[in-house]
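K.L.:
If you count by this note's numbering, then the sequence shown holds residues 974 to 1067, one letter each, in order.
Here a beta-carbon is modelled for each residue, glycine too, at the ideal position from N, C-alpha and C.
Please read through the structure below; I'll follow up with questions.
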Amino acid sequence: MALRSLLEYARKAIRVAVQVHRDKASGMLEFELKELENFFMLLLLGSLVGIPSPPAAVAVELLPHLEDELRLMLARADFAQDPLGALMGMLEID
């Protein structure tokens, strides 16, 4: 009986370890995807921060694929100008 409960405990521990590794791996992949999207956006719109940009024709062709990133970048730029105002807007304080 003790051997059976010990084996069951070992199985549960292995399942937990496998799940933790899966979660960690998927978290790392999500982080890497976000960083690659940021890097890609910086390559296309690098002229805003002083980095030489690619030819205009290439940038214009790729911009439709970056709609969400562009919205996020504009929201961050807006928040950076007036962070207290953005917080008050979220709290709906007049």
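#1: Hey, is the segment 1015-1028 in contact with the segment 980-991, meaning 3+ C-beta pairs nearer than 8 Å?
#2: So, using beta-carbon positions, are L1015 and I1024 closer together than 8 Å?
#3: Let me know the secondary structure DSSP gives V1033 once reduced to three states.
#4: Mapping DSSP to helix, strand and coil, what is S1026?
#5: Which of helix, strand or coil does DSSP assign to D1055?
P.N.:
According to the structure shown:
#1: No, the segment 1015-1028 does not touch the segment 980-991.
#2: Yes, the Cβ-Cβ distance between L1015 and I1024 is below 8 Å.
#3: Helix.
#4: Three-state DSSP puts S1026 in coil, outside helix and strand.
#5: Coil.
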